[in-house]
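*Asks:*
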Amino acid sequence: MANIVIIGTQWGDEGKGKIVDLLAEYADIVVRFQGGNNAGHTMVVNGEQFISHLVPSGILQGKTCLIGNGVVVDPAVLIEEIEYLEKRGVACGPQQLMVSERAQVIMPYHKQIDVARENKKGKDKIGTTGRGIGPAYEDKANRQGVRFVDLIDTEGFREKLAATLPEKNFYLEKFLGAQPIDAQLISDQYTAFAKRLAPHVTDVSVVLNQAVAKGKQVLYEGAQGTHLDIDHGTYPFVTSSNTVSGNACCGSGVGPKMISGVIGVVKAYTTRVGAGPFASELFDDVGNYLQSKGAEFGATTGRRRRCGWLDMVILNNAVRLNGLTGLAITKLDVLGGLETLKICTAYRYQGQLLASFPANLKVLAQCEPVYETMDGWSQDISSIRTYEALPLNVRRYLRRIEELSGVPIQIISVGPQRDQTIVLDNPFAIS
Ligand code: GDP
Ligand code: IMO
Ligand code: MG
Numbered sequence: 002m003a004n005i006v007i008i009g010t011q012w013g014d015e016g017k018g019k020i021v022d023l024l025a026e027y028a029d030i031v032v033r034f035q036g037g038n039n040a041g042h043t044m045v046v047n048g049e050q051f052i053s054h055l056v057p058s059g060i061l062q063g064k065t066c067l068i069g070n071g072v073v074v075d076p077a078v079l080i081e082e083i084e085y086l087e088k089r090g091v092a093c094g095p096q097q098l099m100v101s102e103r104a105q106v107i108m109p110y111h112k113q114i115d116v117a118r119e120n121k122k123g124k125d126k127i128g129t130t131g132r133g134i135g136p137a138y139e140d141k142a143n144r145q146g147v148r149f150v151d152l153i154d155t156e157g158f159r160e161k162l163a164a165t166l167p168e169k170n171f172y173l174e175k176f177l178g179a180q181p182i183d184a185q186l187i188s189d190q191y192t193a194f195a196k197r198l199a200p201h202v203t204d205v206s207v208v209l210n211q212a213v214a215k216g217k218q219v220l221y222e223g224a225q226g227t228h229l230d231i232d233h234g235t236y237p238f239v240t241s242s243n244t245v246s247g248n249a250c251c252g253s254g255v256g257p258k259m260i261s262g263v264i265g266v267v268k269a270y271t272t273r274v275g276a277g278p279f280a281s282e283l284f285d286d287v288g289n290y291l292q293s294k295g296a297e298f299g300a301t302t303g304r305r306r307r308c309g310w311l312d313m314v315i316l317n318n319a320v321r322l323n324g325l326t327g328l329a330i331t332k333l334d335v336l337g338g339l340e341t342l343k344i345c346t347a348y349r350y351q352g353q354l355l356a357s358f359p360a361n362l363k364v365l366a367q368c369e370p371v372y373e374t375m376d377g378w379s380q381d382i383s384s385i386r387t388y389e390a391l392p393l394n395v396r397r398y399l400r401r402i403e404e405l406s407g408v409p410i411q412i413i414s415v416g417p418q419r420d421q422t423i424v425l426d427n428p429f430a431i432s
């Protein structure tokens with residue numbers, strides 16, 4: 002049996018949604034284990050686009066979808082997403098979609114604090130999605146959080162809110178200069194959310210472990226990317242959860258022996274939304290070409306994504322941090338039409354090549370990318386469906402990524418549609 006983790010290797014938006022949707026055909030269960038609706042995962046099936054923020058990207062394949070304990074869930078967004086999917090004919094009832102009773106609930110003050118704090122920081126802001134992700138994880142860590150099990154206990158929820166709200170309002174009003182939150186309003190709103198979502202709430206760890214014991218196959222869907230990880234990313238320009246594969250276990254309630262493979266999704270170039278270091282960023286026509294041909298706008302906030310060359314320093318960091326067993330290369334079609342391509346193979350700092358990814362952002366800011374140049378290709382590869390039919394220079398580019406990373410490429414994506422894909426080695430085929 003195969004149980005596979007899919008994670009982003011860069012700074013998010015690598016095309017995880019597409020790869021999860023594609024591989025979900027072979028899985029029985031798809032589970033989200035971290036992040037929240039800061040994620041925006043795009044699936045395109047038969048020309049129809051779906052963007053999911055919380056519901057796992059296995060929902061279109063009719064698979065059981067689980068939201069694990071490690072996720073922070075905005076109940077209003079979850080309800081909206083369920084209704085949107087159902088309106089488009091996708092079954093999303095309590096049999097299809099379950100939420101961990103231990104998942105943390107994003108409260109209105111989390112969103113307000115997130116936005117007000119960013120405003121106060123001005124030019125030093127992180128560029129968060131403003132969805133309350135950081136403040137919700139802070140409350141989880143300081144033990145002031147509201148879990149789904151607390152939300153559906155109406156009396157307990159009111160007591161928790163009464164205990165927490167004065168501190169939140171003090172901080173909002175006195176420190177951030179923002180509007181305070183009305184207790185009654187939240188209480189009424191969240192009681193209605195609780196009623197609507199209660200049938201979906203369950204012990205996800207038990208459901209998962211029982212399914213695996215019966216031989217079911219699981220796909221663990223990462224959100225964000227390795228370099229947005231709170232421990233391993235470009236701190237403080239990161240998100241507030243562990244995005245690396247190790248958190249698939251912790252964030253869903255399974256042991257490490259339940260994972261059999263880790264696929265790293267790699268955009269054929271690099272993008273980043275929000276602030277923070279990005280060594281191979283391009284500020285020229287090539288950057289604009291990638292941005293416009295790749296339609297690089299955030300799926301959650303609509304912000305323009307910064308673009309640059311493929312960076313093997315960060316990819317190799319992701320190989321190590323996640324224990325990658327395979328790669329899925331996406332958006333390869335976007336590179337078509339460029340005469341030459343560059344791959345960043347190392348960082349030079351004060352004349353010396355660095356041996357590892359620097360933790361110190363002042364050092365990172367002064368790193369110069371060292372590039373290797375390759376010939377590009379002019380053909381449109383988006384309708385190619387076999388490796389052999391790819392132009393020679395495309396295959397050379399792919400082979401170089403394998404050589405430099407030491408990890409085999411298992412999937413190649415040449416367009417946003419589910420079928421615009423070349424599967425070289427299906428990770429579920431080992432069962
Ligand atoms: P995720 O957050 O990692 O799931 O990625 P996003 O959905 O935020 O962003 C990826 C974008 O690229 C989406 O608009 C996808 O539809 C699109 N996409 C995915 N794979 C490909 C591909 O191979 N080629 C092209 N041109 N677009 C792709
Ligand atoms: P998916 O799953 C790209 C970025 C934000 C910001 C930083 C912190 O679609 O790949 P947060 O709201 O999490 O506190 O913001 O992280 N960020 C993402 N960037 N893709 C994402 O998700 C992201 N989720 C958060 O832009 O820089
Ligand atoms: Mg995204």
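Numbering (this note's numbering), first residue to last: 2 to 432. Glycine residues also receive a C-beta, built at the ideal position from the N, C-alpha and C atoms.
How would you label aspartate 232, buried or exposed, when you count the other beta carbons within 10 angstroms and need 16 or more for buried?
*Replies:* Under this definition aspartate 232 is an exposed residue.
*Asks:* What's the call for glutamine 35, buried or exposed, on a 16-neighbour Cβ count within 10 Å?
*Replies:* With 16 or more other Cβ atoms within 10 Å, it is buried.
*Asks:* Could you give the first and the last residue of the continuous beta strand (DSSP E) run that contains proline 370?
*Replies:* Segment 369-376, the beta strand (DSSP E) holding proline 370.
*Asks:* From leucine 220 to glycine 275, what distance separates their C-alpha atoms?
*Replies:* For leucine 220 and glycine 275, the distance between alpha carbons rounds to 28 Å.
*Asks:* Below 8 Å between beta carbons: does that hold for valine 255 and serine 293?
*Replies:* Their beta carbons are not under 8 Å apart, which means valine 255 does not touch serine 293 by this criterion.
*Asks:* Any chance the CB of alanine 214 is under 7 Å from a heavy atom of the ligand MG?
*Replies:* Checking the Cβ of alanine 214 against the ligand MG gives no.
*Asks:* From Gly135, Leu333, Asp204 and Leu198, pick the residue whose C-alpha is nearest to that of threonine 240; which is it?
*Replies:* For threonine 240, the nearest C-alpha among the options comes from Gly135.
*Asks:* Can the beta-carbon of glycine 128 be found less than 8 Å from the beta-carbon of isoleucine 107?
*Replies:* Going by C-beta atoms, glycine 128 is not nearer than 8 Å to isoleucine 107.
*Asks:* How would you write the range of the alpha helix (DSSP H) that phenylalanine 51 sits in, first residue to last?
*Replies:* Counting along the chain, phenylalanine 51 falls outside any alpha helix (DSSP H), though it belongs to the beta strand (DSSP E) covering 49-53.
*Asks:* At a cut-off of 7 Å, would you count histidine 228 as near the ligand MG, judging by its Cβ distance to the nearest heavy atom?
*Replies:* Checking every heavy atom of the ligand MG against the Cβ of histidine 228, none is found closer than 7 Å.
*Asks:* Closer than 7 Å by C-beta to leucine 188: which residues in its own chain qualify, once you throw out the five before and the five after it? Chain order, please.
*Replies:* It should be pointed out that residue 188 corresponds to serine in this sequence rather than to leucine. Cβ neighbours of serine 188 beyond the five flanking positions: Arg159 and Leu162.
*Asks:* Go through its chain and collect everything with a Cβ distance to alanine 195's Cβ below 6 Å, but skip five positions before and after it.
*Replies:* Closer than 6 Å at the Cβ level, and outside the excluded window around alanine 195, lie Leu152 and Ile153.
*Asks:* Which same chain residues end up closer than 7 Å to leucine 86 when comparing Cβ atoms and leaving out the 5 residues on each side of it in sequence?
*Replies:* Counting only Cβ-Cβ distances below 7 Å, and skipping sequence neighbours, we find Val56, Ile60 and Cys93.
*Asks:* Would you call the stretch 340-356 and the stretch 368-378 touching, i.e. three or more CB-CB distances under 8 Å?
*Replies:* With the cut-off at 8 Å, the stretch 340-356 and the stretch 368-378 touch.
*Asks:* Shortest alpha-carbon distance to glutamine 145 belongs to which of Thr130, Pro167 and Gly295?
*Replies:* Nearest of Thr130, Pro167 and Gly295 to glutamine 145, Cα basis: Pro167.
*Asks:* Should aspartate 22 be listed as close to the ligand MG, given that the test is whether its C-beta is under 7 Å from any heavy atom?
*Replies:* Because no heavy atom of the ligand MG lies under 7 Å away, the Cβ of aspartate 22 does not count as near it: no.
*Asks:* Output yes or no for whether 8 Å exceeds the beta carbon distance between methionine 2 and aspartate 22.
*Replies:* No, Cβ-Cβ distance for methionine 2 and aspartate 22 is not below 8 Å.
*Asks:* Throw me the rounded Cβ distance for the valine 424 and threonine 331 pair, which I believe falls under 8 Å.
*Replies:* Between threonine 331 and valine 424 the Cβ distance is about 13 Å, and since that is not below 8 Å, they are no contact.
*Asks:* Counting Cβ pairs, one atom from each stretch, are 3 or more of them under 8 Å apart for the stretch 67-79 and the stretch 97-114?
*Replies:* The answer is yes - the stretch 97-114 touches the stretch 67-79, with three or more Cβ pairs under 8 Å.
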